[in-house]
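Residue numbers (my numbering): 884 to 1412.
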């Protein structure tokens, strides 16, 4: 290396070291899609030249990827009690048999809340890791809002700023944290199976679920975390809320149901989509067997082999009805685990190059569970879909893309009836020109979006990492109590005045009527006399 090159090398490194950030990404190992989403964020920031540490506390003994390929990883073994509870979770054992009733949702939510609380306490007890993280002097912390732990951790580790992420849409409970009112009259909750135009009954359910969830979190759960962090080091938990500088959500504005937002909310949907590669000869040959191909994949959590046999039978019988179509089905076990023999037009595969297949025009329809990453991939590529949600936010996602006229949805319970699934496929094939045109439009919108997801992610992280949480962007409503926020201190007195005026008017009219009636009676008496 000559002297000039050496000088340029030193200057470049000095420049980078002066501008790179120390970033902590907190991502509990709950599910593949969530940890992969946060891992992708970490990798994008590493490529942008930043020093990223990926803190991934394990919740249970289920094997999950680390999510990130480039960041430094700190993994923490789970607390034995939490691990045992996690292994009993119905959503992990088999999400296909989860019930859709309110009681099941409540049990699952409260169980998860307790697990996250205990996991958070377990993390705080890791003294060596705590010292390591505090000594790292991070500029910004990025954390998905799974639990309420991050709001305390940002204070506990003495990190100036916090960026909240969501691998789903804008989580209902985030609205009040950034000074917004959740509009339950026209925005479906994160796990609600509704459209934006809801019936009276649906609006009641949507409002009650949000009110109950908000009360539980702010009235009960936050107070538990407040006591926990105060006990661990006199940490003021609610001060962590003031360090929130941005919210990154895994969707895009025209795909999601429109909702009120602030300058703190940023759409980074599509940042985790890998680049499509050329198909191998094996897959290319399979797609060339017939003119029309349909891809079936239910993701990494709701594995197809775990579904009840009656659902498998319905799918197999449906595929037999379309002998002129090749079905590629991501099925994680051998053919012997199926209740019926499959027809010749069905290809089973334990693994598929999903993005590569979707990018091929010979795939006409994508049958999916409706996970946010899968539907974003389909939209970015311009693919028509059938969404069969299994659990969680997938139910809302299915309604979300159905609204765009690029998809139709089917309740998972209806899989046992092959006629219903066959009708959905037949409908899309008969109306393919309309749906594919809409899908192509979504593809172009994604391609021409004014602010690329990766660019938004990098620029906003750097902005907040350099300047702090930017309190100037915080709505003043964050500091308001319930009565002032909703102007109840105005409406209640005004209502009282209006009621008083109404009552007074009635009394005055009654008095006048009596006087007139009394005078008329007196006049009659005088005339009679």
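Glycine included, every Cβ here is placed at the ideal spot set by N, Cα and C.
Close CB contacts of residue 1339 within its chain, under the 7 Å cut and outside five residues either way in sequence, are with 1149, 1151 (chain order). Annotation note: the segment 1222-1257 contains the following uninterrupted alpha helix (DSSP H) runs of length 4 or greater, listed N- to C-terminal: 1237-1241.
Take the alpha-carbon of residue 993 and the one of residue 1105: they are about 14 Å apart. Ranked by how close their Cα comes to the Cα of residue 963, the residues 947, 1210, 907, 940 have 940 in first place. Annotation: residue 1077 is outside any beta strand (DSSP E) and is labelled neither H nor E by DSSP. Note that the segment 908-925 touches the segment 1245-1262; at least 3 beta-carbon pairs, one per stretch, sit closer than 8 Å.
Rounded to whole angstroms, the gap between the alpha carbons of residue 1125 and residue 1334 is 27 Å. Look at the beta carbons and you see the segment 1082-1098 not touching the segment 1172-1184: under three pairs across the two are nearer than 8 Å. Annotation: the continuous beta strand (DSSP E) that includes residue 1175 extends over 1175-1180. The alpha carbon of residue 1085 has as its nearest neighbour, out of 1068, 1061, 1101, the alpha carbon of 1068. Between residue 1118 and residue 1038, the gap from beta carbon to beta carbon is short of 8 Å. By alpha-carbon distance to residue 1243, the top candidate from 1261, 1363, 1234 is 1261. Nearest to residue 1322 by alpha-carbon distance, out of 1305, 1289, 1080, 1331, is 1289. Excluding residues up to 5 positions away in sequence, 1211, 1212, 1213, 1214 lie with their Cβ nearer than 8 Å to the Cβ of residue 1232 in the same chain.
In this structure, residue 1021 lies away from residue 1198, with their beta-carbon atoms at least 8 Å apart.
In the DSSP assignment, residue 936 falls within the beta strand (DSSP E) that extends over 934-940. Using a C-beta cut-off of 8 Å, the segment 1305-1317 makes no contact with the segment 1130-1138, since fewer than three inter-stretch Cβ pairs fall below that distance. Non-local C-beta neighbours of residue 1002 in its own chain, meaning closer than 8 Å and more than five positions away in sequence, comprise 911, 940, 942, 961, 962, 965, 1030, 1032, ordered along the chain. In this structure, residue 1054 lies away from residue 1082, with their beta-carbon atoms at least 8 Å apart.
Minimum Cα-Cα distance from residue 1330 among the listed residues 1389, 1278, 1259 corresponds to 1259.
Judged by DSSP secondary structure, residue 1131 falls within the beta strand (DSSP E) whose first and last residues are 1127-1132.
One thing to note: residue 1209 has its Cβ within 8 Å of the Cβ of residue 1228. Nearest to residue 928 by C-alpha distance, out of 946, 1247, 955, is 955. Residue 920 has its alpha-carbon roughly 27 Å from the corresponding atom of residue 982.
The C-alpha of residue 1367 lies about 38 Å from the C-alpha of residue 1393. Between residue 1305 and residue 1201, the CB-CB gap stays under 8 Å. Within 10 angstroms of the beta-carbon of residue 1388 lie fewer than 16 other beta-carbons, which makes it exposed. A straight-line Cα-Cα distance of about 52 Å links residue 926 and residue 1375. Between residue 1089 and residue 1282, the C-beta gap is not smaller than 8 Å, which leaves the two residues out of contact.
Note on the segment 1321-1366: whole alpha helix (DSSP H) runs with a minimum of 4 residues are 1336-1350, in chain order. The Cβ atoms of residue 1045 and residue 1024 lie closer than 8 Å to each other. In the same chain as residue 1318, and ignoring 5 residues on each side of it, the C-beta atoms closer than 7 Å to its own belong to 1267, 1288, 1289, 1311, in chain order. For residue 1349, the CB contacts under 8 Å within the same chain, skipping 5 residues up- and downstream, are 904, 1022 in chain order. Residue pairing by DSSP places residue 1270 opposite 1251, 1292 in a beta bridge. For residue 1148, the secondary structure class from DSSP, reduced to helix, strand or coil, is strand. Excluding its 5 nearest sequence neighbours in each direction, residue 949 has C-beta neighbours in its own chain below 6 Å: 956, listed in chain order.
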